[in-house]
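Here is the structure we will look at, set down as structure tokens.
Protein chains: 4
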Amino acid sequence: MTSKQTAKVRVAIIGASGYTGAELVRLLVRHPLVDIVAMTADRKAGKTLGSVFPHLAAVEREATLPGLTAIDAVDWTDIDVAFCGLPHGTTQQVVAAMPSTVKVIDLSADFRLRDVATYAEWYGDSHKAPELQKEAVYGLTELAREDISRARLVSCPGCYPTSCLLPLVPLLEANVIKSVDIIIDAKSGVSGAGRAAKEGSLFAEVSEGVHAYGVAKHRHAPEIEQALSLAAGGTVTANFTPHLMPMNRGILSSIYVRLAEGVSADDARTALARRYDGEPFVHVLESGFAPATRHVRGSNNCIIGVFADRVPGRAIVLSVIDNLIKGASGQAIQNMNVVCGFDETTGLQQQALFP
Amino acid sequence: MTSKQTAKVRVAIIGASGYTGAELVRLLVRHPLVDIVAMTADRKAGKTLGSVFPHLAAVEREATLPGLTAIDAVDWTDIDVAFCGLPHGTTQQVVAAMPSTVKVIDLSADFRLRDVATYAEWYGDSHKAPELQKEAVYGLTELAREDISRARLVSCPGCYPTSCLLPLVPLLEANVIKSVDIIIDAKSGVSGAGRAAKEGSLFAEVSEGVHAYGVAKHRHAPEIEQALSLAAGGTVTANFTPHLMPMNRGILSSIYVRLAEGVSADDARTALARRYDGEPFVHVLESGFAPATRHVRGSNNCIIGVFADRVPGRAIVLSVIDNLIKGASGQAIQNMNVVCGFDETTGLQQQALFP
Amino acid sequence: MTSKQTAKVRVAIIGASGYTGAELVRLLVRHPLVDIVAMTADRKAGKTLGSVFPHLAAVEREATLPGLTAIDAVDWTDIDVAFCGLPHGTTQQVVAAMPSTVKVIDLSADFRLRDVATYAEWYGDSHKAPELQKEAVYGLTELAREDISRARLVSCPGCYPTSCLLPLVPLLEANVIKSVDIIIDAKSGVSGAGRAAKEGSLFAEVSEGVHAYGVAKHRHAPEIEQALSLAAGGTVTANFTPHLMPMNRGILSSIYVRLAEGVSADDARTALARRYDGEPFVHVLESGFAPATRHVRGSNNCIIGVFADRVPGRAIVLSVIDNLIKGASGQAIQNMNVVCGFDETTGLQQQALFP
Amino acid sequence: MTSKQTAKVRVAIIGASGYTGAELVRLLVRHPLVDIVAMTADRKAGKTLGSVFPHLAAVEREATLPGLTAIDAVDWTDIDVAFCGLPHGTTQQVVAAMPSTVKVIDLSADFRLRDVATYAEWYGDSHKAPELQKEAVYGLTELAREDISRARLVSCPGCYPTSCLLPLVPLLEANVIKSVDIIIDAKSGVSGAGRAAKEGSLFAEVSEGVHAYGVAKHRHAPEIEQALSLAAGGTVTANFTPHLMPMNRGILSSIYVRLAEGVSADDARTALARRYDGEPFVHVLESGFAPATRHVRGSNNCIIGVFADRVPGRAIVLSVIDNLIKGASGQAIQNMNVVCGFDETTGLQQQALFP
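In order, the protein sequence lines correspond to chains A, B, C and D. Under our numbering, the first sequence has 141 at position 141, and the numbering climbs by one with no breaks. Remember, our numbering sits 1000 above the position in the second sequence when you count from 1. Remember, our numbering sits 2000 above the position in the third sequence when you count from 1. Remember, our numbering sits 3000 above the position in the fourth sequence when you count from 1.
Here you go:
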């Protein structure tokens, strides 16, 4: 693969029949430096993408997209970059079987936890590619660009972790907040549950109501704590409580933190704004403004607001992303841009769709 | 007014053209011990209820409901109980002008804060009836039955306070949790904003997204802190962060607390379950179960779940109500039942409507 | 079974784990003349109702409801009335095996089509109880009270047919409209698809969009045409095009008809209003008013509006119901009331829940 | 204005604070051949766009967008093309006052009706620029490219008319369908009602329900009939019944038509497919497939399905668009592309956002 921006990279989308797969297609088909040359979907092999996702049928007529195949049918010698959007637990062996010439952007959880024992504890099975795990780079783009640019295997963060680590990691690294008593009340749209036909994701079960789920045992908790611990330079245990919202897209993480001695909420806001100054996709709001998920729907943006708490010494940090874009497919493409030496915003400049 | 259950009380609904007014009518028209004899709605005086709320037109055909009038047109000598659902700031003078023979169930914020200086600070105007304030009883029914039964003026709690005080007050009173670091992340449906035509309540502005609002300055904060302070026997400052949900009804308060020394989350759960044992409208779930707002939609119920936090020494308390019923009109009727000596569940036995 | 209103009927709910089953429980548990003595749910036998439908857990604590069992476990000698809410095609044999002392209120499609050949054509299998079919009464309550009162087996109409037959049958019978060119554009909430976990019923697939389905081949078409043909005294073929709406409950049938010679739309409106004058559950709006499904959500009501079309000689008839109540469980209970000689509104006086 | 594609056109957006204005900005800011040089919003003059539409704040930081001004502040000598998104009735005088060097793409209804008397009848006021009306071109792009390319003033069709005229006009012109008994049951998302704070557009009034509105008197009726009459070569009166859907975006027009003698529904489908063969934005589905509004949300596409009716001699035509894009701002930009000699798809290649 060349770093010349004129050469197109040849991309495979492994697991194209889920919502993140569809978003990868939607975005990559308009990416000027990418050719999609393979798409897989084991249970739907043989079908066209348009029959699985009618909203992409127009693309299919216009571009020359490959049909959906089984993974076995992919000719890896033809692939520069593979996006993996497979269910958790199934990616490790797939990646291990790829030739090392293929760069991998993984959207699953399979390579997110550095410690394979922690992986086994939370995902219920032993890690199938511990050697690969060692070289995997945790791809929170804004905070790991250098490592990502040299990586062969980028493990993209989960949607919830992306929303809360973007504000929390810099605040911890700068000692602006304390590492104890961090409480993350996260709210996600239903697309985060994927396209599987489950009673709990039915319209009639999800609309017109909210509830918490996976309380104190969601798999994104160890992923968040891993990153917080690295940032704080010591073990951090944090509250992470996800809630299901009656909407399609978006995550709002409402984060309640204790400020370091002598630090005000506005100091924290300023520190964060300075840290992300010039970043194309992360924006810290002015004092007094709160972000809404609908302000980022359909975009790769993360918007953050910081407020003083009525409780002295505490602050409230509000962070929003589109879970399918910055929380999944958009950040994956951003990582690919870094890996390939492209301008990081290439193909990702869509603005939010509102209303 | 007699306490014999066979005599019907004669009721006026002051402010019948809002959502809480409509809920009062819907419920009271089926209450076997009530006659609605007056309904007011200043801007819609002269109209029928069915023209303002078509979903109640069927009631109007069947029962003999009075038309909407101005407040001035009410003959107070004919009224046993007045439900007041007026905008904040306008109730004090209205109640002050009523004869003392009228019992008042107030749904506004006008008599919720014991300290009239605190009222003035948060509501931006001096209190107009400080003498009445002294006799007002804060009507969280399950926790103040005795006082309510003797009250002439019951001030019904706000919707958010109802959802979080029902679990928090007993936990504080029993010294099961500490009074510091209480964090209340509350999520409400849009009906809580009322029927006023505001850009921020439009379907296109509210659906398919979530956001926090009134961060660190919502008027329910001092009301919550007043009750927590009384329960803890000392000043409590708590975080209260409300969020707007894309749904009509329901409040979920996700409350993050620090347990007292030596107390487990399950101890807390058990203490709360014992406190509410036998209560018809408040139920504490078994260990491991989380409530959803849709489980109480359309009912006067409050459901509470308690979980251990991953952070040692902390617990997560989840509480759901229907904001228009247990959080407003249902609790108001429950209070009227107490005031009138009726069985507390009379007229309030509707089960939740799902889906 | 006695017709004395003081004796309670003993009821079995066959198929209690679907949405219509849950609605039957919710309504019957408050019906003053009913005891629920058996509930079946084959795949969920052994569970409590509250674990299957948490919104009904409160009922379970308060009343003494039976647990969910397999059908085989029902002691039919103990049952006066059986409500059958089984999937289509499975009811015929179940009813055939019941003793004739059990009155049956069937909510499935199994006995709706008089002609068993038509049944076989549309439902893909031969009828299993053709003798029972002969005695089945099509239970559109307002239009078939006499027959229902004498029936042993009442076949409740489908949700769509209920919404459009209530206006169309009287208009045809009175020769107010012509029987040709009847176009029914029907719009239903998602609960009509039941609680089965299907991709097409997922929140993410259904919200924020509308589409037609079953175009020109929906199974409610022959049911509608059967009733229209009877009303018109000759074979009627009608357009029936169902659409899926991003909402839980409600059906709006927008019906486009050709008026008989010399008849105005207002004549039609008046004829319909007169036909339903005094009916507790069916109401015809005044000229110029259009009904909304949210005006009947949670109630057993049907509201109808009639408008002149801009196209001369045509009229527009708009009819709304709650598909789970008047379109299913409410009408079923209404039929039980007729069968048992109770006041038809017993247990069905809940008003619409709005918003 | 030059037709060389390298020269950017200088654009003013008149009325930028409504939903269609926001969509114009969102799309034009990424249009490679456009510079936005003026944006007006009378009541919000002086504000930044990001404060009015936070979802566009990211654009504002990145591009150099002008602030919102009053119309009077626009220097027309600096403008090549003006998009007018003003309320109906206010555009005629604004356009009349512009220098003739400015090309106008009008999104209001002010120039849609050829006959100024018809305009006065339906819009309640006399036409203020009858001379301009004569030169206005009705901008249904696919059907009027030639005229549009030579126009100075393009009057963009309404959202509803766009959805139903795209299928109906070719079918009438080709004598595939009859011009009598055309029934258009149209379903629109709430954004079509604009951003004005009206009770009827509140979340609580619109969600979880559907209803018809403007029955037999909606202002898009004469616009539709004007185009149908031109296509049929004689006066056509059609039924047009709009319905409000609980969703943000999208229109589905379900159209019920009578086929010409000897013509089958599949003939009609084929004729329409042939007519739109090669069109980038209009697609006719294969036999048996129905379009959904969510398949076009966020795109400039129109998707059409055609079905045989069960009623002999009739067909069902289903047409979907995004009301804010193909039904408003997207089609307006498409028309600008034609007027300016650009490739018609420039800046409009966004695919649908789903879910």
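Ideal placement from N, C-alpha and C gives every residue a C-beta, glycine not left out.
Would you kindly work out how many angstroms separate the C-alpha atoms of residue i and residue j, rounded to a whole number?
i, j, result
"B/A1204", "D/I3014", "22 Å"
"C/V2037", "A/Y123", "44 Å"
"D/K3004", "A/V52", "Residue placement at D/K3004 is flagged as unreliable, the pLDDT there being 44, under the threshold of 50; a coordinate-derived value is accordingly withheld."
"B/I1184", "A/H211", "15 Å"
"D/P3291", "D/L3285", "8 Å"
"D/L3056", "A/V9", "31 Å"
"D/M3098", "D/F3083", "12 Å"
"D/D3106", "D/I3303", "24 Å"
"B/L1244", "B/G1192", "9 Å"
"B/Q1133", "B/V1116", "8 Å"
"B/T1002", "B/T1101", "For B/T1002, the predicted model reports a pLDDT of 42, less than 50, meaning its position is unreliable; a value from the coordinates is still stated below. C-alpha separation (whole angstroms): 12 Å."
"C/G2050", "B/A1186", "26 Å"
"A/D415", "A/Y213", "Beyond the ends of chain A as shown, which are 1 and 355, falls residue 415 of chain A; an answer cannot be given."
Please state whether DSSP places residue i in a helix, a strand or coil.
i, result
"B/H1295", "helix"
"A/T77", "helix"
"C/P2032", "coil"
"B/M1039", "strand"
"C/Y2256", "strand"
"C/S2229", "helix"
"D/V3084", "It should be noted that the sequence gives Cys, not Val, for residue 3084 of chain D. Three-state result, D/C3084: strand."
"C/C2156", "coil"
"C/S2051", "helix"
"C/L2285", "coil"
"B/I1251", "strand"
"C/H2400", "With chain C covering only 2001 through 2355, there is no way to say anything about residue 2400 of chain C."
"B/I1224", "helix"
Are the beta-carbon atoms belonging to residue i and residue j less than 7 Å from one another?
i, j, result
"B/V1190", "B/S1201", "yes"
"B/P1355", "C/N2300", "no"
"C/A2271", "C/A2151", "no"
"C/V2180", "D/T3237", "no"
"B/A1045", "B/A1016", "no"
"C/T2020", "C/N2335", "no"
"B/R1275", "B/P1170", "yes"
"D/L3324", "D/E3023", "yes"
"C/Q2331", "C/C2159", "no"
"B/V1059", "B/V1034", "no"
"D/T3162", "D/G3305", "no"
**Asked** Can we say the region 1317-1326 of chain B touches the region 1286-1296 of chain B, given the rule of at least three CB pairs closer than 8 Å?
**Response** yes
**Request:** Please list the residues of the region 2042-2062 of chain C that have a C-beta atom closer than 9 Å to any C-beta atom in chain B, keeping them in chain order.
**Result:** F2053, P2054, H2055, L2056, A2057, A2058, V2059, R2061 and E2062
**Message:** If the cut-off is 7 Å on Cβ atoms, which residues from the region 2191-2207 of chain C count as contacting chain A, listed in chain order?
**Reply:** S2191, R2195, A2197, K2198, E2199, S2201, L2202, F2203, A2204, V2206 and S2207
**Prompt:** Can you list, in chain order, the residues of the region 1248-1267 of chain B whose Cβ is nearer than 7 Å to any Cβ on chain A?
**Reply:** N1248, G1250, L1252, S1254 and Y1256
**Asked** When you check each C-beta in the region 3156-3185 of chain D against every C-beta of chain B, which residues fall closer than 7 Å?
**Response** none
**Under 9 Å (Cβ pairs) to chain B, residues found in the region 307-320 of chain A** = F307, A308, D309, R310, V311, P312, R314, I316, L318 and V320
**Item:** Three-pair Cβ contact test at 8 Å for the region 1059-1067 of chain B versus the region 1082-1091 of chain B
**Value:** no
**Message:** Any contact between the region 3341-3353 of chain D and the region 3026-3037 of chain D? By contact I mean 3 or more CB pairs, one from each, below 8 Å.
**Reply:** yes
**Asked** Name the residues in the region 3015-3044 of chain D whose C-beta lies less than 9 Å from a C-beta of chain B; which are they?
**Response** Y3019
**Asked** Residues in the region 3291-3303 of chain D with C-beta within 9 Å of chain A's C-beta atoms, listed in sequence order?
**Response** P3291, A3292, R3294, H3295, V3296, R3297, G3298, S3299, N3301 and I3303
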